[in-house]
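Enquirer: Sharing a structure, written as structure tokens. Questions coming.
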Amino acid sequence: MSNYVYPEVLVDTEWVVDHRDDPNVRIVESDEDILLYNTGHIPNAIKIDWQLDLQDQLKRDYINKEKFEQLMSEKGIANNTKVVFYGDKSNWWACYAFWAFKLFGHENCLIMNGGRQKWIDEKRELIKDVPNFQTTEYTVQKLNEEAIRSFRADVTPHVENNLPLIDVRSPDEFSGKLLHMENYPQEGALRGGHIPGAKNVPWARAANEDGTFKTADELKTIYESEIGLKPNDDVIAYCRIGERSSHTWFVLKYLLGYSNIRNYDGSWTEWGNLVRAPIEKP
Amino acid sequence: MNKIEEIISVFKDLDNELRLELLLDYAEKLPSIPEEYRNQEQIEAHRVHECQTPVSIWITVLNDEVCIYADIPRESPTVRGFVALLIKAFNGASPEEVEIAPADILHRTGLADTLGMIRMHGLSAVYKRIKDETHRADILNSANRKMINP
Chain E
-8 MSNYVYPEVL
2 VDTEWVVDHR
12 DDPNVRIVES
22 DEDILLYNTG
32 HIPNAIKIDW
42 QLDLQDQLKR
52 DYINKEKFEQ
62 LMSEKGIANN
72 TKVVFYGDKS
82 NWWACYAFWA
92 FKLFGHENCL
102 IMNGGRQKWI
112 DEKRELIKDV
122 PNFQTTEYTV
132 QKLNEEAIRS
142 FRADVTPHVE
152 NNLPLIDVRS
162 PDEFSGKLLH
172 MENYPQEGAL
182 RGGHIPGAKN
192 VPWARAANED
202 GTFKTADELK
212 TIYESEIGLK
222 PNDDVIAYCR
232 IGERSSHTWF
242 VLKYLLGYSN
252 IRNYDGSWTE
262 WGNLVRAPIE
272 KP
Chain Z
879 MNKIEEIISV
889 FKDLDNELRL
899 ELLLDYAEKL
909 PSIPEEYRNQ
919 EQIEAHRVHE
929 CQTPVSIWIT
939 VLNDEVCIYA
949 DIPRESPTVR
959 GFVALLIKAF
969 NGASPEEVEI
979 APADILHRTG
989 LADTLGMIRM
999 HGLSAVYKRI
1009 KDETHRADIL
1019 NSANRKMINP
């Protein structure tokens, strides 16, 4: 195992097999497609959909404290449950769900390294049965939003003070050549480019071909040698709607131990549509 | 009631869970594309770029009957399900039937509520492509027929 700063948040597929029936563990699948879980999932895993379960259905925001407690209760997750997330696309959506859980201060969150892809590549069993867990009591102890989430009002002083901003989109989005991710035109913006001062590190650079995270040394080369970040920097990461940047947030915070890294979930769909917001093109 | 209306009426009366199950059922029955479409050139030429999932759609109209094929990755069962539903409704139908099918199908089936608003854009684009392509194929056919029988 690589010399990550918090190696305990990453578990491998074998660990998930061993803890499948552990009453203190809840395996959660989080994918881009709401039906992918239904086509077959890790035995005893439950589904949490990033759109319908984690987002407010009226305003652009995540669910509130009460809804989160209700969701946890329904899914049979207690305050001290170890929740292990996995999903498609190198755990992109798993990291997003992990980050959302951390907004509400859930203590024991883990990621299954390699996600769905690794489980399938290792020819492990996928089943369709949806497990039923007994409802639990859940009380949010402490909201954690301020430490890990950035709003537009946080980004402006960041830009003015030349503090580090990481844009994890593709180079064509960063440069403004594309107003949206290839194949994702519904997340469009009126203007292209990036937030002034931001450095571009596409999120996928942190992952290997098999969906696992790169080693600590490889990650340090990318984020520190190449981009010049340091572990005690005040960093804000963004993409288009904050889900790719939650993957990078996870990498910087847990694998490289950055103490002050926040995800700007408004991201380019907010900044690129905002009247008078400054934009830079390389 | 034609096929699309039947399908709409089945979907709209279900609750979210059953609707998803039915959509998954459709996803698993999406017919595979014929051999002659299985190449990069064909797949690229028929891409629906507005959809976030890599979707390619082929439409032909022969003897006034529509024939639709689609290539959609297995990791996107929602899109596969929706397109399979449209194929079931429209294969063998006349181009007119496809053209007059309701524009707000995602709302009428209740899928807009079940899947969430963000997912609607890509699916609407696929639906629009099917209707537009059918219309285009139909016009081309009529033009060809006129040329053969002036």
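Which chain is which? The protein sequence lines are E and Z, in order.
Quick note on the numbering used here: the first sequence kicks off at -8 and runs consecutively.
Quick note on the numbering used here: the second sequence kicks off at 879 and runs consecutively.
Glycine included, every Cβ here is placed at the ideal spot set by N, Cα and C.
Closest Cβ-Cβ distance between I965 of chain Z and chain E: below 8 angstroms?
Expert: I965 of chain Z does not count as touching chain E.
Enquirer: Is the separation between the beta-carbon of I937 of chain Z and that of L908 of chain Z shorter than 8 angstroms?
Expert: No, the pair does not count as a contact, with Cβ atoms beyond the cut-off.
Enquirer: Starting from R335 of chain E and walking both ways along the beta strand (DSSP E), at which residues does that stretch end?
Expert: In the structure as shown, chain E starts at -8 and stops at 273, and residue 335 of chain E therefore has no counterpart that could be examined.
Enquirer: Mind checking which residues open and close the alpha helix (DSSP H) that includes A228 of chain E?
Expert: A228 of chain E -> not in any alpha helix (DSSP H); beta strand (DSSP E) instead, spanning V226 to Y229.
Enquirer: Short of 6 angstroms in beta carbon distance, which residues of its chain neighbour L134 of chain E, apart from the five on each side in sequence? Order them along the chain.
Expert: Cβ within range, chain order: n/a, list empty.
Enquirer: Could you check whether G248 of chain E and Y(-3) of chain E sit closer than 8 angstroms to each other, using their CB atoms as the reference points?
Expert: Yes, these two residues count as a Cβ contact at 8 angstroms.
Enquirer: By Cβ distance below 8 angstroms, which residues in the same chain neighbour N174 of chain E in space, the five residues on each side in sequence not counted?
Expert: Because the pLDDT at N174 of chain E is just 48, under 50, the model does not fix this residue reliably, and the value given afterwards should be weighed accordingly. Result list for N174 of chain E: empty, nothing under 8 angstroms.
Enquirer: Please report how far the alpha carbon of L896 of chain Z lies from the alpha carbon of N191 of chain E, in whole angstroms.
Expert: Answer to the nearest angstrom: the Cα atoms are 43 angstroms apart.
Enquirer: On a Cα-Cα basis, can you pick out the residue from E:L26, E:P155 and E:N70 that is closest to F92 of chain E?
Expert: If we check each option's Cα against that of F92 of chain E, E:N70 comes out closest.
Enquirer: Touching or not, the region 121 to 132 of chain E and the region 64 to 83 of chain E, by the rule of three or more beta carbon pairs under 8 angstroms?
Expert: A contact exists between the region 121 to 132 of chain E and the region 64 to 83 of chain E.
Enquirer: For the ligand COA, is there a heavy atom less than 7 angstroms away from the beta-carbon of D40 of chain E?
Expert: In terms of ligand content, the structure shown is empty, and the ligand COA therefore cannot be addressed.
Enquirer: Cβ closer than 7 angstroms: which chain Z residues qualify as neighbours of D24 of chain E?
Expert: By Cβ distance, chain Z contributes E953, S954, P955 and T956.
Enquirer: Give me the subset of the region 26 to 50 of chain E whose CB atoms are less than 7 angstroms from a CB atom of chain Z, sorted by chain position.
Expert: Those would be L26, L27, N29, T30, Q42 and L43, in chain order.
Enquirer: Compile a chain-ordered list of the residues in the region 58 to 80 of chain E whose CB is closer than 7 angstroms to at least one CB of chain Z.
Expert: Those residues of the region 58 to 80 of chain E that come within reach of chain Z (Cβ to Cβ, closer than 7 angstroms) are D79.
Enquirer: On a Cα-Cα basis, can you pick out the residue from E:W83, E:G96, E:P148 and E:P155 that is closest to T130 of chain E?
Expert: Checking every option, the nearest Cα to that of T130 of chain E belongs to E:G96.
Enquirer: Anything in chain E within Cβ reach of L901 of chain Z, meaning under 8 angstroms, just list it in chain order.
Expert: By Cβ distance, chain E contributes L26.
Enquirer: Kindly give me the distance between the Cβ atoms of F89 of chain E and F241 of chain E, rounded to whole angstroms, as I take these residues to be in contact under 8 angstroms.
Expert: Yes, they are in contact, since the Cβ atoms of F89 of chain E and F241 of chain E sit about 6 angstroms apart, within 8 angstroms.
Enquirer: What runs of the beta strand (DSSP E), each 3 residues or longer, lie entirely inside the region 124 to 208 of chain E?
Expert: Fully enclosed beta strand (DSSP E) runs of 3 or longer: 156 to 158.
Enquirer: Could you please give me the residues that DSSP links to T938 of chain Z through a beta bridge?
Expert: Answer by DSSP bridge pairing, in chain order: Z:C945.
Enquirer: Got a sec, what are the start and stop residues for the alpha helix (DSSP H) M995 of chain Z sits in?
Expert: It is not in any alpha helix (DSSP H) - M995 of chain Z carries neither H nor E in the DSSP assignment.
Enquirer: Tell me, please, whether the CB atom of G959 of chain Z is closer than 8 angstroms to any CB atom in chain E?
Expert: Yes, because at least one Cβ of chain E sits closer than 8 angstroms to the Cβ of G959 of chain Z.
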